[in-house]
Amino acid sequence: MHSVNAAHGAGLCGAVHFTARLPTRWVAHCHCSRCQRAHGAPMVTWVGFGESAVQIDSAADALRWFETAQGAGRGFCGRCGSPMFFRSPRCPGELHIARAVFDTELAHQPSSQVFVSTRAAWALDAHTLPVEPED
Ligand SMILES: [Zn+2]
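Counting in the working numbering, the sequence shown runs from 6 upward without gaps.
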């Protein structure tokens, strides 16, 4: 599926990687407290696909799922810990992939945001703080 009609990505160590057939269904920021904890981040930008559009390739036993009490699942790499996937009975037939683990650019930019009531107040100033050199 390596083509312009597919997107690719992987976790930090590469043991879990995927190919997703484009186009995406949607791209959205989620500010919910579960995403904040699971990803250790102020928010998670999710990319929605039909589950049949995504092929996940994993080294033996690398892909792990954390199943929540509500029946949702968070897929991550058991070797490096990278959080990558989300599925929920609330979104039947969909697989959500964290935008940050894509290697390729996506034509769709985020177009909405959810759970703004729990937006991380400590991250709102990210675009206005002094910039430190990277070296
Ligand atoms: Zn969330």
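We treat Cβ as the ideally placed atom computed from N, Cα and C, and that holds for glycine. Being a predicted model, the structure only gives us computed values, none of them experimental.
{"Asked": "6 angstroms CB neighbourhood of E72 in its chain, flanking five on each side removed", "Found": "G78"}
{"Asked": "Burial state of L68, where buried means 16 or more other Cβ atoms lie within 10 Å", "Found": "buried"}
{"Asked": "Near ligand 1: H22 beta-carbon under 8 angstroms from a heavy atom", "Found": "no"}
{"Asked": "Pair within 9 angstroms by beta-carbon distance, S63 and V119", "Found": "no"}
{"Asked": "Residues bridged to V49 [DSSP beta-bridge criterion]", "Found": "C35"}
{"Asked": "N-terminal and C-terminal residue of the beta strand (DSSP E) that H13 is part of", "Found": "A11 to A15"}
{"Asked": "Euclidean distance between Cα positions of A25 and V106", "Found": "12 angstroms"}
{"Asked": "Sub-9 angstroms separation of H113 and T29 beta-carbons", "Found": "yes"}
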